[in-house]
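Presented below is the structure to which this report refers.
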Amino acid sequence: MSIISFFNSVLSGQKSKSRIIEGFEVSYRYSGKGVLFDPITMLRDLKYKLESNQVTTGELCVSLGEIVDQQLNFNDQLVPTVEAKFKIENEYLKVQRYVMTFESIPCSWYDFFLDQIPLCTFQRRYDYGKDFEMIKEKFASFTSNQPSPMSNYWENRQNEGLFLEHFGHTQIWVLHSVSGLKQVWNKLGN
0 MSIISFFNSV LSGQKSKSRI IEGFEVSYRY SGKGVLFDPI TMLRDLKYKL
50 ESNQVTTGEL CVSLGEIVDQ QLNFNDQLVP TVEAKFKIEN EYLKVQRYVM
100 TFESIPCSWY DFFLDQIPLC TFQRRYDYGK DFEMIKEKFA SFTSNQPSPM
150 SNYWENRQNE GLFLEHFGHT QIWVLHSVSG LKQVWNKLGN
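Going left to right, the sequence shown walks through residues 0 to 189 as numbering that gives the first Met the number 0 numbers them.
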């Protein structure tokens, strides 16, 4: 740890740590204990799930801003508990992790940025899947035609996407830029 990093951590109360994950040096800044998550595996898992034949798609007729404001109500006054940052070619990918309560349900919220531009958001609601079907119906109501009851991925014409899954808990991916995410996947490799 450099002297500058030491004084930064003393003054801010934040700690820093670096890890090599799949060939990328990921730098973390966190307060408290901090959960050092793996942003590379998170993005690769999303790619794998969206490319699998288990995903059925529908079309959104609204922008994601309307859905996020109405359904995901994120408190922008929160401070991230952990921030991870790493370089992909000539760009930086930054991920901020928040811990909060949403409608009395504990949640983790991850915001992914590519050079300060929002790329995607991931929310895990620790509800054991209790609200999954209700959330799915709400999201399906934003489609232009009635999708099949199996739809769990929707895209709109503004290059945005929404992926909903039940993997132990209700998990929601909001893709602010589908094409930007595809570029990141190509740079990350397999």
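Note that the Cβ used here is the ideal one computed from N, Cα and C, for glycine as well.
- In the three-state scheme derived from DSSP, where H, G and I count as helix and E and B as strand, Glu-136 is classed as helix.
- Taking 9 Å as the cut-off, the Cβ atoms of Gln-122 and Ser-107 count as close.
- Tyr-91 has its alpha-carbon roughly 14 Å from the corresponding atom of Cys-119.
- When the beta-carbon positions are compared, Tyr-109 and His-168 stay at least 9 Å from each other.
- Here the C-alpha atom of Ser-26 lies approximately 28 Å from the C-alpha atom of Gly-160.
- DSSP places Ser-17 outside any alpha helix (DSSP H); the residue lies instead in the beta strand (DSSP E), whose first and last residues are 14-20.
- Where Thr-56 is concerned, the enclosing beta strand (DSSP E) starts and stops at 56-58.
- The beta carbon of Gln-157 lies closer than 7 Å to those of Ser-62 in the same chain, with the five residues before and after it left out.
- A straight line joining the alpha-carbon of Met-41 with that of Leu-59 spans about 24 Å.
- For the pair Glu-102 and Pro-79, the Cα-to-Cα distance works out to about 19 Å.
- Between the alpha carbons of His-165 and Arg-96 lies a distance of about 20 Å.
- A buried status is given to Arg-28, since no fewer than 16 other beta-carbon atoms sit within 10 Å of its beta-carbon.
- In the structure shown, Val-173 falls within a strand segment according to DSSP collapsed to helix, strand and coil.
- Under the DSSP assignment, Thr-40 falls in the alpha helix (DSSP H) whose first and last residues are 38-50.
- Between the beta-carbon of Tyr-152 and that of Leu-49 there is about 6 Å, and that keeps the pair under the 8 Å contact cut.
- Nearest C-alpha to Phe-131 among Leu-187, Leu-163, Ile-104 and Thr-100: Leu-163.
- The continuous beta strand (DSSP E) containing Glu-90 extends over residues 90-101.
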